[in-house]
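Residue numbers (the numbering used here), protein chains in the order written: chain Z, 1 to 470; chain R, 1 to 334.
Structure first, commentary second.
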Amino acid sequence: MMDALLLARMQFAANITFHILFPTISIGMGWLLLFFRWRWLETRHGNDRVAAHGWLDAYRFWTKVFALTFALGVVSGITMSFQFGTNWPGFMQKVGNIAGPLLGYEVLTAFFLEAGFLGVMLFGHGKVSERVHLMSTFFVAFGTTLSAFWILALNSWMQTPSGHEIVDGVYHVKSWFDVVFNPSFPYRFAHMVLASGLTCAFLLTGLSSWQLLRGVAQRSAPRVLRVGLTLAALLIPVQIVVGDMHGLNTLHHQPAKIAAVEGVWDTERGAPLLLFAIPDSEARTNRFELKLPKLASLILTHELDGEIKGLNDFRDRHPPPLPLFFAFRAMVGIGLLMLATSWLGWWLYRRVLWRAERLPRALLWFFAGMTISGWIATVAGWYVTEIGRQPFIVYGLIRTADVTSAVPSAMIGATLVLYLALYLALIVAYVSVLKYMAEKPEELLQLDAIERAAGAATSPVLPAGSAAWT
Amino acid sequence: MDVMSFDRVLPVVFMALMGASMLVYVISDGYDLGVGMLMHRATDAEKDVLIASIGPFWDANETWLVLGVGILLVAFPKAHGLVLGELYLPVALMLVGLTLRGVAFDFRVKAKDTHKKAWDRLFFAGSTLAAVAQGWMLGRYVSGFGTGWNYPLFAAAIAVALPMAYVLMGATWLIMKTEGQLQERAVQWARIAWAPMVGGLVLISMATPWVSATVRTRWFALPEVIALAAIPLMSGVSLLAVRGLLATRHVRGPVCWLPFVLLVIVFVLGFLGLAYSIYPYVVLDQLTIWQAASSPEALKVILFGTCISVPAIAGYTVFSYRVFRGKTGELKYA
Numbered sequence: 001m002m003d004a005l006l007l008a009r010m011q012f013a014a015n016i017t018f019h020i021l022f023p024t025i026s027i028g029m030g031w032l033l034l035f036f037r038w039r040w041l042e043t044r045h046g047n048d049r050v051a052a053h054g055w056l057d058a059y060r061f062w063t064k065v066f067a068l069t070f071a072l073g074v075v076s077g078i079t080m081s082f083q084f085g086t087n088w089p090g091f092m093q094k095v096g097n098i099a100g101p102l103l104g105y106e107v108l109t110a111f112f113l114e115a116g117f118l119g120v121m122l123f124g125h126g127k128v129s130e131r132v133h134l135m136s137t138f139f140v141a142f143g144t145t146l147s148a149f150w151i152l153a154l155n156s157w158m159q160t161p162s163g164h165e166i167v168d169g170v171y172h173v174k175s176w177f178d179v180v181f182n183p184s185f186p187y188r189f190a191h192m193v194l195a196s197g198l199t200c201a202f203l204l205t206g207l208s209s210w211q212l213l214r215g216v217a218q219r220s221a222p223r224v225l226r227v228g229l230t231l232a233a234l235l236i237p238v239q240i241v242v243g244d245m246h247g248l249n250t251l252h253h254q255p256a257k258i259a260a261v262e263g264v265w266d267t268e269r270g271a272p273l274l275l276f277a278i279p280d281s282e283a284r285t286n287r288f289e290l291k292l293p294k295l296a297s298l299i300l301t302h303e304l305d306g307e308i309k310g311l312n313d314f315r316d317r318h319p320p321p322l323p324l325f326f327a328f329r330a331m332v333g334i335g336l337l338m339l340a341t342s343w344l345g346w347w348l349y350r351r352v353l354w355r356a357e358r359l360p361r362a363l364l365w366f367f368a369g370m371t372i373s374g375w376i377a378t379v380a381g382w383y384v385t386e387i388g389r390q391p392f393i394v395y396g397l398i399r400t401a402d403v404t405s406a407v408p409s410a411m412i413g414a415t416l417v418l419y420l421a422l423y424l425a426l427i428v429a430y431v432s433v434l435k436y437m438a439e440k441p442e443e444l445l446q447l448d449a450i451e452r453a454a455g456a457a458t459s460p461v462l463p464a465g466s467a468a469w470t
Numbered sequence: 001m002d003v004m005s006f007d008r009v010l011p012v013v014f015m016a017l018m019g020a021s022m023l024v025y026v027i028s029d030g031y032d033l034g035v036g037m038l039m040h041r042a043t044d045a046e047k048d049v050l051i052a053s054i055g056p057f058w059d060a061n062e063t064w065l066v067l068g069v070g071i072l073l074v075a076f077p078k079a080h081g082l083v084l085g086e087l088y089l090p091v092a093l094m095l096v097g098l099t100l101r102g103v104a105f106d107f108r109v110k111a112k113d114t115h116k117k118a119w120d121r122l123f124f125a126g127s128t129l130a131a132v133a134q135g136w137m138l139g140r141y142v143s144g145f146g147t148g149w150n151y152p153l154f155a156a157a158i159a160v161a162l163p164m165a166y167v168l169m170g171a172t173w174l175i176m177k178t179e180g181q182l183q184e185r186a187v188q189w190a191r192i193a194w195a196p197m198v199g200g201l202v203l204i205s206m207a208t209p210w211v212s213a214t215v216r217t218r219w220f221a222l223p224e225v226i227a228l229a230a231i232p233l234m235s236g237v238s239l240l241a242v243r244g245l246l247a248t249r250h251v252r253g254p255v256c257w258l259p260f261v262l263l264v265i266v267f268v269l270g271f272l273g274l275a276y277s278i279y280p281y282v283v284l285d286q287l288t289i290w291q292a293a294s295s296p297e298a299l300k301v302i303l304f305g306t307c308i309s310v311p312a313i314a315g316y317t318v319f320s321y322r323v324f325r326g327k328t329g330e331l332k333y334a
């Protein structure tokens, strides 16, 4: 039987991994929907009917994606609000005075805002004016971003705690400003919002490429592809710069995390960049190293002979290097692939004057293959930062083992299996429904039109003007 | 009021806030869970109307649960660990249920037609699982997590009664939001659910003082008992009025909203009775609200945010219900 701590961590990791997939999409997608809607409103009275309806089609299709994504985010978020207590009761008892208000403000200011206006955004057409509808869309988008603000403030505080004082083992706030704007917060927040934008950009690019390959969504897919590629090409260089700054910030505040990421066991000057290795925690050394001399020092300290502290300096205060080493390389690898894909793709698309039918099919296949690349990079990045905080739950101050619950491990194990089965099934369902929706957008839109016609004829409560916008 | 006493009142304020969010949750998610539990009785066309009637609201309804648990977590961290530790398994089952129904709701209209039936079944199953788990948790919580043969029995009774109450709420919601044949059927569903719901309520009211000595002394102390008698009396009158209305034609006319509103009143009364029984404990006989509360500084910070945001939340909740007022038309993404 595995110990309760490990099971509790696995259960929480499973849930938080599942959860982050959906906010990662909905944070960026809210703003993209606002953009699509705004483009439709701008073009609807113009001469180019195809363009106008392309934007409307895009809005309608991606709204459905958003609704599905949001629902999954809500239900997995509810699960999380319970698991704080079931899995880590000691956490709230110790730092409740800090974590509590941050989580409370997330629910009060952001969660309600999104959920409250979502109904109007999704189903309110014809019932409210265009302006009110656009405002509702804005509130939803703003709410998701505000949500990210509070959650990342708390997460960053757990990584680089500041602005608190400890009285009899309980944490109290000295300065809310220092708690919220703790040293790693600005970098982490920017990094995550950009990650969300990139995830959406590749989702747009990938699914619209898939639609072009299947010959569906002719009006919207070429436009969405252009938006996706442009957004990706704009965001990825910014993300690389922000990621580098975030890394330097981590080196300053959490050197053990960086040592694990780089696979450095003994403190050294002019540390090489390991392209591949298998860190062995038992023997405290790396196997099968493939390295570029001095490059790690250059990247991290911007000096060829800069010093990097090794894991042996931290002994029982460092994370397990193996998962960090690989998760970091997965994230950076995908980031570089994103850079190449988006710049090359944008340039090629522009060269054919944004005429999607002239793009080579192989390129569209490649874009389609990149559809969920943002997910993988985001999850890998979160593994680096979260596993990298271990063995602490609040870095340097509170150990994870000290806040775990007394629930018997058999019960945690049983519910872990239950959650894992559910999450795997839901991810499969989500991805297959996205693919299905992408392939059948016209049928779905037509179905809506039929329903609308039937509804307008039979339903007396629908305002007469509700069909006016089509 | 001096500072000391304000600090002492703060936990009470938060207990009230938590109770209020839980009450709003039980009422609002109650009707949409109830509608979910009626799914298997509806025809395929009616299923779409059922879903459409709760479509714009369910996300926001569930947010009240997050707020309630959030306040428990934030304002009473010791109680949060204790309560959720005791309820570990039913919480997990409820979450699975809520997850299934939440996603089934969205998947059913987007998946292949051949899969729609499966999602509908999951929607029904998830709603039922969540409601039963909530009933069990309520039963365990009210009795202070007592051990002994009678306690699980008590919890099991509530695990049956609460879903019945939700079904009745769901049916009266449909009476209010639909018309024609479906409305007629909703009236029948409400009639069927009425008796077990009321039976459960009576049984529980009798059993509660039996499983808890604290509640017993609370309820039957003179002279409070006279004032307290208003709660069961008013509940009884409201429930009888619901039954009476269901038997008339008027329920399908201009007063179609009345059974739902009467049930909301019953829920509010039940909640007040519960609050009176438990106060000043956050976990009956184990932890008072002052023992469990966070520091006054932290509570003040949250109270500040609450004072600003709760009126705003109330505002746009009212806005959303106004936008979707009246009978449910077809629901489509715009």
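Heads up, the beta-carbon is just placed ideally off N, CA and C, and yes, glycines get one too.
Bear in mind the structure is a predicted one, so any value in this text is a computation, not a measurement.
Inset, instruction - Return the residues of the stretch 101-115 of chain Z that lie within a Cβ-Cβ distance of less than 7 Å from chain R, sorted by chain order. - result: P101, L103, G104, Y105, V107, L108, T109, F111, F112, A115
Legend entry - chain R contact residues for I78(Z), given Cβ-Cβ distances below 7 Å: As a first step, residue 78(Z) is located in the first sequence; it is residue number 78 there, counting from the start. Ordered by position in chain R, the residues that pass the 7 Å Cβ test against I78(Z) are E62, L65, V66, L95, L98.
Legend entry - Own chain partners of V251(R) with C-beta closer than 8 Å, once the 5 adjacent residues on each side are dropped: Locating residue 251(R) in the second sequence gives position 251, counting from the first residue. Closer than 8 Å at the Cβ level, and outside the excluded window around V251(R), lie I175, V187, L245, L258, P259.
Inset, instruction - Starting from S405(Z), find everything on chain R with Cβ-Cβ shorter than 9 Å and list it in chain order. - result: Translated into positions along the first sequence, residue 405(Z) becomes position 405. The contacting residues are G81, L84, G85, Y88.
Inset, instruction - Kindly list, in the order they appear in chain R, the residues whose Cβ is closer than 8 Å to that of K127(Z). - result: Counted from its first residue, the first sequence places residue 127(Z) at position 127. Here the neighbours are V323, F324.
Legend entry - Extent of the continuous alpha helix (DSSP H) to which I334(Z) belongs: Taking the first residue of the first sequence as 1, we reach residue 334(Z) at position 334. Per DSSP, I334(Z) belongs to the alpha helix (DSSP H) from 321-351.
Legend entry - Residue range of the alpha helix (DSSP H) that includes K174(Z): Position 174 of the first sequence, counting from 1, holds the residue named residue 174(Z). Neither: K174(Z) is in no alpha helix (DSSP H) and is coded neither H nor E.
Legend entry - Beta-carbon proximity check, A296(Z) vs V242(Z), cutoff 8 Å: Position 296 of the first sequence, counted from the start, is the residue given in the question as residue 296(Z). Position 242 of the first sequence, counted from the start, is the residue given in the question as residue 242(Z). Not a contact, by the Cβ cut-off of 8 Å.
Inset, instruction - Quick one: grab the DSSP three-state call for P279(Z). - result: For the purposes of this step, residue 279(Z) is taken as the residue at position 279 of the first sequence. Strand at P279(Z).
Legend entry - 4-residue-minimum alpha helix (DSSP H) runs that sit fully inside the stretch 226-286 of chain R, ordered along the chain: 230-247, 258-278
Inset, instruction - Give the DSSP-derived three-state secondary structure of R355(Z) in the structure shown. - result: Locating residue 355(Z) in the first sequence gives position 355, where the first residue counts as 1. Here R355(Z) sits in coil by DSSP.
Inset, instruction - May I ask you to list the residues that DSSP assigns as paired with L290(Z)? - result: As a working mapping, residue 290(Z) is identified with position 290 in the first sequence. Paired residues: F276(Z).
Inset, instruction - Could you tell me whether any Cβ in chain R is nearer than 8 Å to the Cβ of T86(Z)? - result: Here residue 86(Z) refers to the residue found at position 86 of the first sequence. Taking Cβ atoms only, chain R reaches closer than 8 Å to T86(Z), which makes this a yes.
Inset, instruction - Determine whether the Cβ of M135(Z) lies closer than 8 Å to any Cβ atom of chain R. - result: Here residue 135(Z) is taken as the residue at index 135 of the first sequence, counted from 1. The beta carbon of M135(Z) sits no closer than 8 Å to any beta carbon of chain R.
Legend entry - Element boundaries [alpha helix (DSSP H), containing F142(Z)]: For this step, residue 142(Z) is matched to residue 142 along the first sequence. Where F142(Z) is concerned, the enclosing alpha helix (DSSP H) stretches over 130-159.
Inset, instruction - Check whether the stretch 22-31 of chain R touches the stretch 54-68 of chain R, taking contact to mean three or more Cβ pairs, one atom from each stretch, closer than 8 Å. - result: Judged by Cβ distances under 8 Å, the stretch 22-31 of chain R makes contact with the stretch 54-68 of chain R, as three or more pairs qualify.
Legend entry - Proximity winner among Q93(Z), V74(Z), W354(Z), Y419(Z), relative to T24(Z) (alpha-carbon distances): Here the question's residue 24(Z) lines up with position 24 in the first sequence. Taking only the C-alpha atoms, the option nearest T24(Z) is V74(Z).
Inset, instruction - Starting from the Cα of T128(R), find the closest Cα among P209(R), Y31(R), L201(R) and give me that residue. - result: Along the second sequence, read from residue 1 onward, the residue named residue 128(R) stands at position 128. Nearest of P209(R), Y31(R), L201(R) to T128(R), Cα basis: Y31(R).
Inset, instruction - Spell out a yes or no on whether the stretch 9-28 of chain Z and the stretch 418-436 of chain Z are touching, meaning 3 or more CB-CB pairs, one atom from each, closer than 8 Å. - result: Short answer: they touch.
Legend entry - Helix, strand or coil at T371(Z) [DSSP, three-state]: Here residue 371(Z) corresponds to residue number 371 of the first sequence, with the count starting at 1. Looking at T371(Z) - three-state DSSP - the assignment turns out to be coil, as it is neither helix nor strand.
Legend entry - Simplified DSSP assignment, three categories, for V215(R): Position 215 of the second sequence, counted from the first residue, corresponds to residue 215(R). DSSP places V215(R) in helix when its eight states are reduced to three.
Legend entry - For H164(Z), the first and last residue of its enclosing beta strand (DSSP E): Sequence index remark: in the first sequence, residue 164(Z) carries index 164 (1-based). Segment 164-167, the beta strand (DSSP E) holding H164(Z).
Inset, instruction - Would you tell me roughly how many angstroms separate the C-alpha atoms of M164(R) and C256(R), rounded to the nearest one? - result: Here residue 164(R) corresponds to residue number 164 of the second sequence, with the count starting at 1. Here residue 256(R) corresponds to residue number 256 of the second sequence, with the count starting at 1. Their backbone Cα atoms lie some 20 Å apart in a straight line.
Legend entry - For I472(Z): DSSP bridge partner residues: It is not possible to answer for residue 472(Z), since the shown part of chain Z is limited to 1 through 470.
Legend entry - chain R contact residues for V394(Z), given Cβ-Cβ distances below 7 Å: If you number the first sequence from 1, residue 394(Z) lands on position 394. Simply none; closest approach about 15 Å.
Inset, instruction - Could you tell me whether any Cβ in chain R is nearer than 8 Å to the Cβ of T17(Z)? - result: As a working mapping, residue 17(Z) is identified with position 17 in the first sequence. Closer than 8 Å: no.
Legend entry - C-alpha gap between L275(Z) and M245(Z), whole angstroms: What you label residue 275(Z) is simply residue 275 of the first sequence in a count that begins at 1. What you label residue 245(Z) is simply residue 245 of the first sequence in a count that begins at 1. Taking the straight line from one Cα to the other gives about 21 Å.
Inset, instruction - Could you please tell me which residues of the stretch 159-176 of chain Z, in chain order, have their CB closer than 8 Å to any CB of chain R? - result: V170, H172, V173, W176
Inset, instruction - Using alpha carbons as the reference points, say which of I166(Z), R399(Z), S196(Z), P360(Z) lies closest to W382(Z). - result: For the purposes of this step, residue 382(Z) is identified with residue 382 of the first sequence, where counting begins at 1. Considering only I166(Z), R399(Z), S196(Z), P360(Z), the residue with the shortest C-alpha distance to W382(Z) is S196(Z).
Legend entry - Buried versus exposed, by CB contacts within 10 Å (16 or more), H80(R): Counted from its first residue, the second sequence places residue 80(R) at position 80. With 16 or more other Cβ atoms within 10 Å, it is buried.
Inset, instruction - Rank S238(R), I226(R), G180(R) by C-alpha distance to the C-alpha of V198(R) and give the top, closest one. - result: Within the second sequence, residue 198(R) is the residue found at index 198, counting from 1. The shortest C-alpha separation from V198(R) is found at S238(R).
Inset, instruction - Pull up the DSSP beta-bridge partners for H125(Z), would you. - result: If you number the first sequence from 1, residue 125(Z) lands on position 125. For H125(Z), which the question treats as bridged, DSSP gives the partners V128(Z).
Legend entry - Beta-carbon proximity check, T205(Z) vs F367(Z), cutoff 8 Å: Here residue 205(Z) corresponds to residue number 205 of the first sequence, with the count starting at 1. Here residue 367(Z) corresponds to residue number 367 of the first sequence, with the count starting at 1. Cβ atoms of T205(Z) and F367(Z): closer than 8 Å.
Inset, instruction - Leaving out five residues on either side along the sequence, give the residues of the same chain with a beta carbon under 7 Å from the beta carbon of S220(Z). - result: Working through the first sequence from its first residue, we reach residue 220(Z) at position 220. Result list for S220(Z): G54, D57, A58, F61, in chain order.
Legend entry - Ordered list of alpha helix (DSSP H) runs contained in the stretch 54-82 of chain R, each at least 4 residues: 58-75
Legend entry - Validate contact between the stretch 97-117 of chain Z and the stretch 155-173 of chain Z using beta carbons, cut 8 Å, 3 pairs: yes
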